[in-house]
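Protein sequence lines correspond, in order, to chains R and A.
Going by UniProt numbering, the final residue of the first sequence carries number 239, and the count climbs one at a time with no gaps.
Going by UniProt numbering, the final residue of the second sequence carries number 239, and the count climbs one at a time with no gaps.
There are 2 protein chains.
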Amino acid sequence: MDTRRAPVAGPDLASVARPLADRTRASFCMALLDGRAWTATELARHAGVAASTATEHLNALVGGNLLAEERQGRHRYVRLAGPHVAELIEGLAAVAPAGAPPPRSLSAAGRRRALAHARTCYDHLAGAVAVAITDTMTERGLLDWGRGLRLTGDGEAWLGRLGVAVPAGTRRPLVRSCLDWTERRPHLAGAVGAALCRHALDSGWIARVGTTRAVAVTAAGRDALREQLGLPEDLLPPR
Amino acid sequence: MDTRRAPVAGPDLASVARPLADRTRASFCMALLDGRAWTATELARHAGVAASTATEHLNALVGGNLLAEERQGRHRYVRLAGPHVAELIEGLAAVAPAGAPPPRSLSAAGRRRALAHARTCYDHLAGAVAVAITDTMTERGLLDWGRGLRLTGDGEAWLGRLGVAVPAGTRRPLVRSCLDWTERRPHLAGAVGAALCRHALDSGWIARVGTTRAVAVTAAGRDALREQLGLPEDLLPPR
DNA sequence: AGGGTGTTTCGGCGGGTGCCGAAACGTCCG
DNA sequence: CGGACGTTTCGGCACCCGCCGAAACACCCT
Numbered sequence: 001m002d003t004r005r006a007p008v009a010g011p012d013l014a015s016v017a018r019p020l021a022d023r024t025r026a027s028f029c030m031a032l033l034d035g036r037a038w039t040a041t042e043l044a045r046h047a048g049v050a051a052s053t054a055t056e057h058l059n060a061l062v063g064g065n066l067l068a069e070e071r072q073g074r075h076r077y078v079r080l081a082g083p084h085v086a087e088l089i090e091g092l093a094a095v096a097p098a099g100a101p102p103p104r105s106l107s108a109a110g111r112r113r114a115l116a117h118a119r120t121c122y123d124h125l126a127g128a129v130a131v132a133i134t135d136t137m138t139e140r141g142l143l144d145w146g147r148g149l150r151l152t153g154d155g156e157a158w159l160g161r162l163g164v165a166v167p168a169g170t171r172r173p174l175v176r177s178c179l180d181w182t183e184r185r186p187h188l189a190g191a192v193g194a195a196l197c198r199h200a201l202d203s204g205w206i207a208r209v210g211t212t213r214a215v216a217v218t219a220a221g222r223d224a225l226r227e228q229l230g231l232p233e234d235l236l237p238p239r
Numbered sequence: 001m002d003t004r005r006a007p008v009a010g011p012d013l014a015s016v017a018r019p020l021a022d023r024t025r026a027s028f029c030m031a032l033l034d035g036r037a038w039t040a041t042e043l044a045r046h047a048g049v050a051a052s053t054a055t056e057h058l059n060a061l062v063g064g065n066l067l068a069e070e071r072q073g074r075h076r077y078v079r080l081a082g083p084h085v086a087e088l089i090e091g092l093a094a095v096a097p098a099g100a101p102p103p104r105s106l107s108a109a110g111r112r113r114a115l116a117h118a119r120t121c122y123d124h125l126a127g128a129v130a131v132a133i134t135d136t137m138t139e140r141g142l143l144d145w146g147r148g149l150r151l152t153g154d155g156e157a158w159l160g161r162l163g164v165a166v167p168a169g170t171r172r173p174l175v176r177s178c179l180d181w182t183e184r185r186p187h188l189a190g191a192v193g194a195a196l197c198r199h200a201l202d203s204g205w206i207a208r209v210g211t212t213r214a215v216a217v218t219a220a221g222r223d224a225l226r227e228q229l230g231l232p233e234d235l236l237p238p239r
């Protein structure tokens, strides 16, 4: 019965960590880190487990307030419960070992390459392109990494010229650094990271690849990213 | 044998979350969140488990790179592996339910009250006093919560007058918000939070209570905190 | 209504994990 | 040297947890 507990300790970390302490559930979370909602079967197939198993895992994750669910007809859609969960997972990933051994099949290799090049990470961009964007923004003095990450005045003006609405009045940090797990270097997150990603999607600079979390730079995006940010050619699609 | 895994997924979250997914190990971590090094037996007694059990748990936490250990003679000292682990635990605590039911014994109640009043949280201050400090700093315009937390110019000047050296050249954010698990409201963390805590200890404003993580406001601290920050009287020791 | 499909429930199985106490092992100190 | 003390190893036990398939259920569509 376990009566001996009389901890002066605070919140019950274990109850939050437990749902994440399983390879399959962790794999669900990594998939959901693209910020979209997945159905139970999609996640089951993604992780290679039976649908019934996926159900049980989703119950654990939803019950632990890590995922939010939304029922639509016979579908069960789940997504991360909020930015705080995405940041929690980032925190875990930052401590975690590299993982992901080189892929076996050719198609898997292609899929992985697409992901490593550009993808969404919750509500902002990740991958080589995102890291390059962050780098060039730093070089041009739009971001300052002096003590913690900061958006400079130039950065704010640049966003204005671009027509990116910077959300105000929110408690969310304007800019935040998020460790990119393919590049192992930080990319831009926070309110500005999210707004920039939304702008890139809205303006057709990037587009989702099928139903995956990978995104591709479009022809319009190539011109815009080269012109606005001077991104290196080898990251952009050939003319 | 588990051969079926072929995840495109990234880092292995589960291997990091697993060590934290146990009440006893979590209790160790909450204790270590005071930033100090504890011996194996101290932690065992704190959590109410056998020494042998504590050893196994510590192996798991150290092996998962969450704790750093230091052997001194027959003692095994452990502490959090770094600020990133402290922040990870904060992230978990922010999602976790309140926990900690009201204490049974009178002495436990006293201990808990001391902790709730003022304690260290890794390298900065926590508890009612810390939250009050954060609040008054905000009221006086030293901190700005507009969009994310920011140290104002006035804040920087105020620290200078106080003689608090603000570490420069580091990548660590100057100010960061950390959810206080007794007050359920944020208090000040980050480089400035740490510097302020160190200054308070060095100047004798506060002192550790025995060997616990609780701290008490000294007579000198009472005057300083009232004068420099206008902290409400009911949080300060009576004259 | 009825078939197809996504999801859930239920047993049952195998393995992993946390716990303990006893004994062994080191280190410190008198 | 020898006792005291902190730590570790080792069995052994109980229990929890993740997995599956089959069957039931719920919903959509024709």
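Backbone N, C-alpha and C fix where the C-beta goes; we use that ideal spot for every residue, glycine too.
Closer than 9 angstroms to chain R by CB, residue i
i      : result
A:P97  : yes
A:W181 : yes
A:I133 : no
A:L66  : yes
A:L149 : yes
A:R18  : yes
A:L142 : no
A:D154 : no
A:L174 : yes
A:R25  : yes
A:A54  : no
Beta-carbon proximity of residue i to residue j, cut-off 9 angstroms
i                      : j      : result
A:G204                 : A:G193 : no
R:V16                  : A:A109 : no
R:T96                  : A:P19  : A small fix is needed here, since residue 96 of chain R is Ala in this sequence, not Thr. No, Cβ-Cβ distance for R:A96 and A:P19 is not below 9 angstroms.
A:T212                 : A:A116 : no
residue 315 of chain A : A:A44  : Since the first residue shown for chain A is 1 and the last is 239, residue 315 of chain A is missing from the structure and cannot be characterised.
A:F28                  : A:H75  : no
R:L32                  : R:H124 : no
R:V215                 : R:T120 : yes
A:L162                 : A:L151 : no
R:D22                  : A:A26  : no
R:G153                 : R:R176 : no
A:T55                  : A:A68  : no
A:R140                 : A:L229 : yes
Residues bridged to residue i [DSSP beta-bridge criterion]
i      : result
R:H12  : The residue you asked about is not His; residue 12 of chain R is Asp in the sequence shown. Beta-bridge pairing links R:D12 to no other residue.
R:A207 : R:A216
A:A68  : A:R79
R:T120 : R:L125
A:S177 : A:L188
A:R150 : A:D144
Contact with chain A by residue i, beta-carbon distance below 9 angstroms
i      : result
R:S15  : yes
R:N59  : no
R:C29  : yes
R:A93  : yes
R:I89  : yes
R:T170 : yes
R:V85  : yes
R:A21  : yes
R:W38  : no
Helix, strand or coil at residue i according to DSSP, with G and I counted as helix
i      : result
A:T39  : strand
A:P186 : strand
R:G217 : In the sequence as presented, Gly is not what sits at residue 217 of chain R; that position holds Val. R:V217 falls in the strand class under three-state DSSP.
R:V129 : helix
R:V62  : helix
A:R79  : strand
R:W145 : coil
R:A50  : coil
R:R172 : coil
A:V166 : coil
A:R74  : coil
R:P19  : helix
R:A157 : helix
R:L236 : coil
R:D34  : coil
A:I89  : helix
R:L201 : helix
R:G230 : coil
> Counting pairs of beta carbons, one from the region 71–81 of chain A and one from the region 45–63 of chain A, are three or more of them closer than 8 angstroms?
Replying inline: yes
> Can we say the region 141–155 of chain R touches the region 167–176 of chain A, given the rule of at least three CB pairs closer than 8 angstroms?
Replying inline: yes
>> Could you check whether the region 200–214 of chain R touches the region 182–189 of chain A, counting it as contact only if at least three pairs of C-beta atoms, one from each stretch, sit closer than 8 angstroms?
In response: no
> Is the region 128–138 of chain A in contact with the region 220–236 of chain A, if contact means three or more CB pairs nearer than 8 angstroms?
Replying inline: yes
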